[in-house]
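Notes follow once the structure below has been shown.
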Amino acid sequence: MPVLIQRSRLKSLLRQMGKTQRWLAKKIHFPYQRINDYANDRRTMPIEIAINCARALECSVEELFDLEEVSPAEWRSWVASRRKE
Numbered sequence: 263m264p265v266l267i268q269r270s271r272l273k274s275l276l277r278q279m280g281k282t283q284r285w286l287a288k289k290i291h292f293p294y295q296r297i298n299d300y301a302n303d304r305r306t307m308p309i310e311i312a313i314n315c316a317r318a319l320e321c322s323v324e325e326l327f328d329l330e331e332v333s334p335a336e337w338r339s340w341v342a343s344r345r346k347e
């Protein structure tokens with residue numbers, strides 16, 4: 263079943279682990295402001311950053327996001343909407 267990212271779980275994962283966004287930014291050598299954007303759902307994290315965050319937090323990439331399973335028709339509609347951008 264296809265999935266769509268609904269929101270980032272980065273902020274809650276960091277809180278659960280007792281870590282800060284600044285800690286993560288330093289750990290993966292990436293700008294704090296961009297990490298903050300991902301944690302607050304102002305931007306969607308690219309896969310390369312998600313992989314590095316997951317490694318730093320010792321979790322899976324999927325754990326970084328709330329995912330929603332969608333029907334094939336909903337997936338096709340989402341893909342079509344992205345082509346227009």
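Here my numbering is used: the first residue of the sequence shown is 263, the next is one more, and so on.
Ideal Cβ positions, reconstructed from N, Cα and C, are used throughout, including at glycine.
Residue 302 versus residue 291 - alpha carbon distance: 19 Å
Residue 331, enclosing beta strand (DSSP E) - first and last residue: 327-331
Residue 343 in three-state terms, based on DSSP: helix
One or two residues paired with residue 270 in a DSSP bridge: 327
Own chain residues within Cβ distance below 7 Å of residue 284, not counting five before or after: 294
Residue 264 versus residue 317: straight-line alpha-carbon distance, rounded: 24 Å
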